[in-house]
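**Q** One structure coming up, written as structure tokens, with questions to follow.
Protein chains: 2
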Amino acid sequence: MRATVLGMTRRSDLHRHPERGSHDRETIDAILDEALTCTFGFVRDGRPVVLPTIHARVDDVIYIHGAVAAGNLRELRDGIDVCLTVTLVDGIVAARSLFNHSMNFRSAVVFGTPRLVTDPDERDVSLRAIAEHVLPGRWDEARQPSRAEDRQTMILAISIDDASAKMRSGPPVDDDEDMGLDVWAGVIPLSVVAGEPQPDPALAPGIDLPGSIRDYQPGR
Amino acid sequence: MRATVLGMTRRSDLHRHPERGSHDRETIDAILDEALTCTFGFVRDGRPVVLPTIHARVDDVIYIHGAVAAGNLRELRDGIDVCLTVTLVDGIVAARSLFNHSMNFRSAVVFGTPRLVTDPDERDVSLRAIAEHVLPGRWDEARQPSRAEDRQTMILAISIDDASAKMRSGPPVDDDEDMGLDVWAGVIPLSVVAGEPQPDPALAPGIDLPGSIRDYQPGR
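Protein chains in written order, with the numbering used here: chain Z, 436 to 655; chain F, 436 to 655.
Shown next as structure tokens:
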């Protein structure tokens, strides 16, 4: 495989289809919105910790949430730095040489300092955004959070000030001297698909599939 | 959404289908092997940096690679700590209450200190493992790395000593008092699928699809 860390490539390389870095907000936002989950990293006792979670973007802010009772998220509310990263893998790039193998991908990295969300209106907005990020239309179908449930939920906001995107797309880029090799080259596209919804075995009879489930499409 | 950070849940919760933590190596290895990409985090100037890359496991070691010329990976070779995390998203869990919404997932987190791989034999093994992790069978189909290409490639090894897995599976778990609600509940399964291989527009005529491409199945 080409010696390229996704999202961290040699910018000085001159390829026909270069991996591109971008600080364009529209590009970054589209990647953040399409990714179902993210990983966020923080420093604990001088060492890195990277965990996956669900996120949602509202304008210039990314929200993540966790249980108040969970110690790990509690560390983040006191103004420590985080790095939030999302990755979408679009395809496997098979070149004529192993060295030029690669992946088509889109990634975004956001550096920031989380702010604890306490304002009731912002809490409503952020919880709804997280639910709707995962399942558009679901908020109005299911039972709304109670005050007790709200109290159990910690919400953190990270401003999208210091963010970047990286991506690669297109066919393999081989060295000129390899173009005559008798080796197949091309791309295997990858995508996430939703299977048939599986009703809860305890679901009462006569409850139809709601819109959020029926219309669900990954990465829409 | 349930206030649960994936892979970082309240272990004291007693659910019918609890999210489970595990230090079982077989479980951890299966998650590492299925995940096409990972994110790795490290500390730069006291702050967390989390980047995506490709990994491969060989027995008790995870290998990642990068360009020698890339400054970012160079930071890692001098014995600083990293946290390498993979996440597989298996489904969206729609509960009767918004609070109990969740995701079915499998994640693994590995803490370690990378070691620079310099031994020629280990370098061969690790490069082959990375190529075969992404596209089984590809190593013997494509042009092998030259010595110049090898010199451009930095390989790091992370021992799987301090690792854990977390996962959730199964139907939603609602509160007893919500079971009578007229709300559909269940799971939307998610999976990664490969599309039709797209030949390089510059591919010479008469080159058949090789086994690695023809037989490719994500997460096999």
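Even for Gly, the Cβ is constructed at its ideal location relative to N, Cα and C.
CA-CA distance, Gly-501(F) and Pro-636(F)?
**A** Whole-angstrom Cα-Cα distance: 27 Å.
**Q** Can a CB atom of chain F be found closer than 8 Å to the CB of Pro-640(Z)?
**A** Not an interface residue.
**Q** When the Cα of His-594(Z) is compared with those of Arg-455(Z), Gly-456(Z), Ser-457(Z), Leu-467(Z), which residue comes out closest?
**A** The sequence shown places Ser at residue 594(Z), rather than the His named in the question. Comparing Cα positions, the closest option is Leu-467(Z).
**Q** Please list the partners that Gly-621(F) has in chain Z, where partner means a Cβ-to-Cβ separation under 8 Å.
**A** Residues of chain Z passing the Cβ test: Pro-632, Gln-633, Pro-634, Asp-635, Leu-638, Ile-648.
**Q** Rounded to the nearest angstrom, what separates Val-528(F) and Pro-640(Z) at their Cα positions?
**A** Distance between the alpha carbons of Val-528(F) and Pro-640(Z) is about 19 Å.
**Q** Would you report the Cα separation of Ile-642(F) and Pro-607(Z), rounded to the nearest angstrom?
**A** Near 16 Å, if we compare the C-alpha coordinates of Pro-607(Z) and Ile-642(F).
**Q** Go ahead and pull the three-state DSSP assignment for Thr-522(F).
**A** Residue state, collapsed to three classes: strand.
**Q** Look up Thr-439(Z) in the DSSP assignment and say whether it is helix, strand or coil.
**A** Residue placement at Thr-439(Z) is poorly supported in this model, since its pLDDT is 48, which falls under 50; the coordinates are not used for a value here.
**Q** In angstroms, rounded to a whole number, what distance separates the CA positions of Arg-603(Z) and Arg-578(F)?
**A** The alpha-carbon atoms of Arg-603(Z) and Arg-578(F) are separated by roughly 22 Å.
**Q** Are the beta-carbon atoms belonging to Arg-558(F) and Asp-585(F) less than 8 Å from one another?
**A** Yes, Cβ-Cβ distance for Arg-558(F) and Asp-585(F) is below 8 Å.
**Q** Spell out a yes or no on whether the region 645–653 of chain Z and the region 626–633 of chain Z are touching, meaning 3 or more CB-CB pairs, one atom from each, closer than 8 Å.
**A** Segments in contact, yes.
**Q** For Thr-588(Z), which residues from the same chain have a beta carbon less than 6 Å from its beta carbon, with the 5 sequence-adjacent residues on both sides left out?
**A** Excluding residues within five positions, the ones whose Cβ falls inside 6 Å are His-500.
**Q** Suppose you measure from the CA of Arg-509(Z) to the CA of Pro-571(F); what does that come to, to the nearest Å?
**A** Roughly 42 Å separates the two Cα atoms.
**Q** Which of helix, strand or coil does DSSP assign to Asp-617(Z)?
**A** Coil.
**Q** From Gly-442(F) to Val-496(Z), what does the alpha carbon distance come to, in whole angstroms?
**A** Residue confidence for Gly-442(F) is low, a pLDDT of 40 falling below 50, so the modelled location carries little weight; the figure read from the coordinates is stated next. So the alpha carbons of these two residues sit roughly 23 Å apart.
**Q** Out of Asp-617(Z), Glu-567(Z), Asn-535(Z), Ala-543(Z), which has the shortest C-alpha to C-alpha gap to His-656(Z)?
**A** Since the first residue shown for chain Z is 436 and the last is 655, residue 656(Z) is missing from the structure and cannot be characterised.
**Q** In the DSSP assignment, what residue or residues form a beta bridge with Gln-708(Z)?
**A** Chain Z is shown only over 436 to 655; residue 708(Z) falls outside these bounds and no answer can be derived.
**Q** What does His-536(F) reach in chain Z if we use C-beta pairs closer than 8 Å?
**A** Those are Ala-566, Val-569, Leu-570, Arg-573, Ala-577, listed as they occur along chain Z.
**Q** Given a cut-off of 8 Å, decide if Phe-540(Z) and Val-521(Z) are closer than it, judged by their beta-carbon atoms.
**A** Result no, Cβ atoms of Val-521(Z) and Phe-540(Z) do not sit closer than 8 Å.
**Q** Give me the subset of the region 475–489 of chain F whose CB atoms are less than 8 Å from a CB atom of chain Z, sorted by chain position.
**A** Listed in sequence order: Phe-475, Gly-476, Phe-477, Val-478, Gly-481, Arg-482, Pro-483, Val-484, Val-485, Leu-486, Pro-487, Thr-488, Ile-489.
**Q** In three-state terms, what does DSSP make of Ala-659(F)?
**A** Lying before the first or after the last residue shown, residue 659(F) is absent from chain F, which here runs from 436 to 655.
**Q** In or out: Ser-647(Z) buried (at least 16 other Cβ within 10 Å) or exposed?
**A** It counts as buried.
**Q** Who are Gly-456(F)'s beta bridge partners in DSSP?
**A** DSSP lists Lys-601(F) as partners of Gly-456(F).
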